[in-house]
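A.B. asks: For reference, the structure I am asking about is given below.
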Amino acid sequence: MSTLLDPHSLDGKRALVTGSSRGIGADTVGYFAEAGARVVVNYRNKEKRALQLVEKIEDAGGTAIAVGADLTDPASVAAMFETVREAWGGLDILVLNASGGMESGMGEDYALRLNRDAQVSLLTSALPLLAPGSRVVFVTSHQAHFIRTVPTMPEYEPVALSKRAGEDALRAMIPKLDELGIEFVVVSGDMIEGTITATLLERANPGAISARKEAAGRLYNVSEFAAEVARAAVEPVPGDHTRYVGDISGFTGS
Ligand SMILES: NC(=O)c1ccc[n+]([C@@H]2O[C@H](COP(=O)([O-])OP(=O)(O)OC[C@H]3O[C@@H](n4cnc5c(N)ncnc54)[C@H](OP(=O)(O)O)[C@@H]3O)[C@@H](O)[C@H]2O)c1
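Pasting the structure below:
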């Protein structure tokens, strides 16, 4: 991973990224730590991986803690925030990265429970920890953000609909966040090469990811997309609270 944000630019800041023991979340939390932030690596059940990441960050001179929480369980989210409050008193950056819904055996409404209800409930419980000037970032895909106007692969549709419902429910909180001086931005990206989601979708629809790559010109990889998520946490928030990563002409028709 190369240095992305200016060294020391996040000195004194505290950041939590949900689902950061692996993938996009792990790289995002790594970028924050490199810039001097104290970071919370949140995991659901991959404690070992989370602890390895904490060790890597500490070896590089950073400060990190690993805190487990299943986001669909409000009690475990409350316990996570209590740990953060005791450790650091609050948060300056909260990235809502964790997502799911393609897992089997979790029940029909799981995608909505995780991608909408758990996101709203998590942000609501985080409010007492977020001081004026803090920033909340919600991570989504173009396939979800534009699901109302552009159909997606059938296997991803329930996830896309639930993530869009989550995005809308979070956007409905903007007036409240404004009152509290908390900034909010949505980061939307195309399919990302090398992720489990992209691999599963390619398996169900052979050629789909290469077709997306051809249509978009290029696809981002995990560290490149994570870099955009990290930048979204520090750069000015666009007027419509939306930061698009990569080409969106295939979704907007323009
Ligand atoms: N993959 C793509 O092509 C793509 C494209 C655009 C945008 N995005 C967005 O980028 C974000 C990350 O995607 P990704 O592909 O890195 O996802 P992923 O590989 O599926 O990882 C999701 C993360 O969320 C965590 N998680 C899942 N369910 C959880 C729960 N109930 N409680 C707590 N944590 C939970 C996972 O923890 P465990 O490790 O414990 O399972 C994992 O760390 C998502 O918001 C996604 O919509 C992805």
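With the sequence shown counted from 1, adding 6 to any position gets you the working numbering.
Beta carbons are placed, not taken as given, at the ideal position from N, Cα and C, and that holds for glycine.
Every value quoted in this text rests on a predicted model; they were computed, and no experiment measured them.
(1) Could you check if L22 is buried or exposed, using at least 16 other CB atoms within 10 Å of its CB as the buried criterion?
(2) So for Y116, helix, strand or coil by DSSP?
(3) Among residues of its own chain, excluding the 5 on either side of Q125, which ones have a beta-carbon nearer than 8 Å to its beta-carbon?
(4) Going by C-alpha distance, which of A41, A39, V35, G95 is nearest Y49?
(5) When you compare the CB of L118 with every CB in chain B, is at least one pair closer than 7 Å?
(6) Looking only at DSSP bridge pairs, what is V142 linked to?
(7) I'd like the span of the alpha helix (DSSP H) that includes Y49, first residue to last.
(8) Going by alpha carbons, who is nearest to P242 out of R218, S255, V192, I215?
(9) For the candidate residues V251, I202, E40, whose alpha-carbon lies nearest to that of L225?
(10) Could you compute how far the alpha carbon of A104 sits from the alpha carbon of S260?
(11) Please report the residue range of the beta strand (DSSP E) in which I71 lies.
(12) So D253 and A217 are in contact, right, with Cβ under 8 Å, and what is the actual spacing, rounded?
(13) Using a Cβ distance threshold of 8 Å, determine whether the segment 92-100 contacts the segment 13-33, with at least three qualifying pairs required.
(14) Assess, as a yes-or-no matter, whether the segment 61-70 is touched by the segment 83-92 under the definition of 3 or more beta carbon pairs within less than 8 Å.
(15) If you follow the beta strand (DSSP E) that R122 is part of, which residue opens it and which one closes it?
(16) Got a sec? Which residues, its chain only, sit under 6 Å from S26 by beta carbon, not counting five neighbours each side?
(17) Ligand 1 heavy atoms versus the CB of T155: any closer than 6 Å?
(18) Which value, in whole angstroms, describes the spacing of the CA atoms of K169 and F231?
(19) Would A150 and A166 be called neighbours here (beta carbons separated by less than 7 Å)?
(20) Need the endpoints of the beta strand (DSSP E) that V23 sits in, please.
(21) With distances taken from CA atoms, which of G213, R249, M112, I202 is nearest G29?
(22) Per DSSP, what kind of secondary structure is M7 in: helix, strand or coil?
(23) What residue does the alpha helix (DSSP H) around R170 start on, and which one ends it?
(24) With a 10 Å radius around its C-beta and 16 neighbouring C-beta atoms as the bar for buried, classify G106 as buried or exposed.
C.D. replies: Taking the definition as stated:
(1) That one is buried.
(2) Helix, per DSSP.
(3) Contacts found: L77, L102, F144, G172, A175, L176.
(4) The residue with the shortest Cα to Cα distance from Y49 is V35.
(5) Annotation note: the requested chain B is absent from the structure, which comprises a single protein chain.
(6) Partner(s): L100, F190.
(7) Boundaries around Y49 are those of the beta strand (DSSP E), 44-49, since no alpha helix (DSSP H) includes it.
(8) Checking every option, the nearest Cα to that of P242 belongs to V192.
(9) When C-alpha distances from L225 are compared across V251, I202, E40, the shortest belongs to V251.
(10) Taking the straight line joining both Cα atoms gives about 30 Å.
(11) Element bounds for I71: 69-74.
(12) Their Cβ separation, rounded to whole angstroms, is 14 Å, which puts D253 and A217 out of contact at 8 Å.
(13) By the Cβ criterion, the segment 92-100 is in contact with the segment 13-33, since at least three pairs of Cβ atoms, one from each stretch, lie closer than 8 Å.
(14) They do not touch, by the three-pair rule.
(15) Annotation: R122 is outside any beta strand (DSSP E) and is labelled neither H nor E by DSSP.
(16) If you ignore the 5 residues before and after S26, its C-beta comes within less than 6 Å of the C-beta of A32, V35, V47, N48, all in its own chain and listed in chain order.
(17) Checking the 6 Å criterion, the Cβ of T155 is out of range of every heavy atom belonging to ligand 1.
(18) Roughly 18 Å separates the two Cα atoms.
(19) Going by C-beta atoms, A150 is nearer than 7 Å to A166.
(20) Annotation: the continuous beta strand (DSSP E) that includes V23 extends over 20-23.
(21) That would be I202, whose Cα lies nearest to the Cα of G29.
(22) Note that M7 scores a pLDDT of 46, beneath 50, so its modelled location is shaky; the value from the coordinates is reported in the next line. M7 sits in coil when the DSSP states are folded into three classes, being neither helix nor strand.
(23) R170: member of the alpha helix (DSSP H) spanning 163-177, first to last residue.
(24) Only buried fits G106, as 16 or more other CB atoms lie within 10 angstroms of its CB.
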